[in-house]
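To start, the structure under review is shown below, and the notes come after it.
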Amino acid sequence: MTRGYVTEMFSSFQGEGPYAGRRQVFLRFAGCPLSCFYCDTAYAREPRPKFCNLLRPDKKTRKRNPLSASEVLDCVKALLSPDLHSVCYTGGEPLTPSSAGFVKEIANAVKETGLRNFLETSGCSARAFASLADCFDFASVDIKLRGHQAVQGEDSYEALYRNELECVRIAVERGVETVVKVVVLKGTPAAEIEEICRDLSGFEFGLEERGRGREKGRGRGREKGRVKFVLQPVTAPRSGAVPSTEELFELSEVAGRFLRDVAVIPQVHKFLGVL
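Residues -1 to 273 in our numbering are what the sequence shown spells out, letter by letter.
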């Protein structure tokens, strides 16, 4: 049985993207290969924390890592609520070599209970994503910009970007409801957003294609779908990196030239004061 490292597990509202406000059980996996300057969960970069925090409304307990998939499933069941939308696999980064197999085992077990699975990832490994995409109903891929300082050097950035795009392609092809999020900063070049959206536009399957062929996603008979594209203004007010309203209008208009489903959505959980 696979064992793995989890930083924390808790129930809260999704705070980002088009599913903001939906109740989820969050599984935050340990370790992340990236170093985005605005990261608000830097504590989850530690790949092998000694304990996993299980956060309930009435108390906080600790579980000793590494955990088994059955132990994680028991925690998920303890955190269920009547308004649950899905179980969210986040990080850190769920697609690291040390986590991907563990994530897949948990996701399959959760799926068997009838619950839906929601993956949040940087898309750092298309190979890992391909191995577990069929376990997920939703996937949110966070495409990094050069200004995020996620990796060092242009070659490393290009490799990361290729993996991110491939993750999106796989998700759309397999009928996973796909969200692409880009955190935008003050001074984010419109040309960089245009390049991303132009690349993403090649993965979309519109109404015409659905009407003719109704192609099915591999493995579960799901239709190929459309990318939901979200521009998320960075939440780092003291850094001076927050984009202006005028910049957001411009970037949204650029995205809208290539994609049908575009939105500007800030981090809602910051306003609510929840995890």
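The C-beta atom is built at its ideal place from N, Cα and C for all residues, glycine as well.
Collapsed DSSP secondary structure at serine 199 in the structure displayed: helix
Closer than 8 Å to chain B by CB, glycine 173: In the structure shown, chain B cannot be found, because there is only a single protein chain.
DSSP state of aspartate 56 mapped onto helix, strand, coil: coil
Other residues of its chain near methionine 7: CB distance less than 6 Å, five sequence neighbours each side excluded: Leu25, Leu52 and Cys73
Distance between alanine 124 and aspartate 314 (C-alpha atoms, nearest Å): Absent from the structure is residue 314, since the part of the chain shown begins at -1 and ends at 273.
Identity of the residue in Leu246, Leu93, Ala148 and Met(-1) nearest alanine 137 by Cα: Leu93
Inter-residue Cα distance where the pair is aspartate 56 and valine 225: 38 Å
Residues near alanine 128 by beta carbon distance below 7 Å, same chain, minus five either side: Ile168
Identity of the residue in Pro95, Glu91 and Phe134 nearest lysine 312 by Cα: No statement about residue 312 is possible, as the shown extent of the chain runs from -1 to 273 and does not include it.
Residues of its chain near glutamine 264, where Cβ-Cβ distance is below 6 Å and the 5 sequence neighbours each way are ignored: The sequence given here places proline at residue 264; glutamine does not occur at that position. So the list reads Pro231, once near-sequence residues are dropped.
Uninterrupted alpha helix (DSSP H) stretches inside the stretch 60 to 123 (no shorter than 4 residues): 67 to 76 and 98 to 110
Test item: CB-CB of alanine 234 and tyrosine 36 under 8 Å: yes
Cβ neighbours of leucine 71 in the same chain (closer than 7 Å, five flanking residues each side left out): Ile104, Ala107 and Val108
Cutoff 7 Å; reference serine 33; Cβ partners in own chain excluding five residues on either side: Gln147 and Ala148
Residues of its chain near aspartate 81, where Cβ-Cβ distance is below 7 Å and the 5 sequence neighbours each way are ignored: Arg21
Cβ pair threonine 5, alanine 28 closer than 8 Å: yes
Alanine 67, buried or exposed, once every other Cβ within 10 Å from all chains shown has been counted against 16: buried
Sheet register partners of leucine 229 (DSSP bridge): Val180 and Val262
Environment of serine 79 [buried if 16+ CB atoms lie within 10 Å]: exposed
Check whether histidine 83 and tyrosine 17 have beta carbons under 8 Å apart: yes
Helix, strand or coil at leucine 143 according to DSSP, with G and I counted as helix: coil
Cβ-Cβ distance between proline 179 and valine 252 below 8 Å: At residue 179 the sequence reads lysine, which differs from the proline that was named. No. Outside cutoff.
Beta-carbon proximity of valine 85 to asparagine 115, cut-off 8 Å: yes
Backbone secondary structure at threonine 243 - three-state DSSP: helix
Neighbourhood of valine 23 by C-beta, 6 Å cutoff - its chain only, sequence neighbours within 5 removed: Ser9, Val74, Leu77 and Val85
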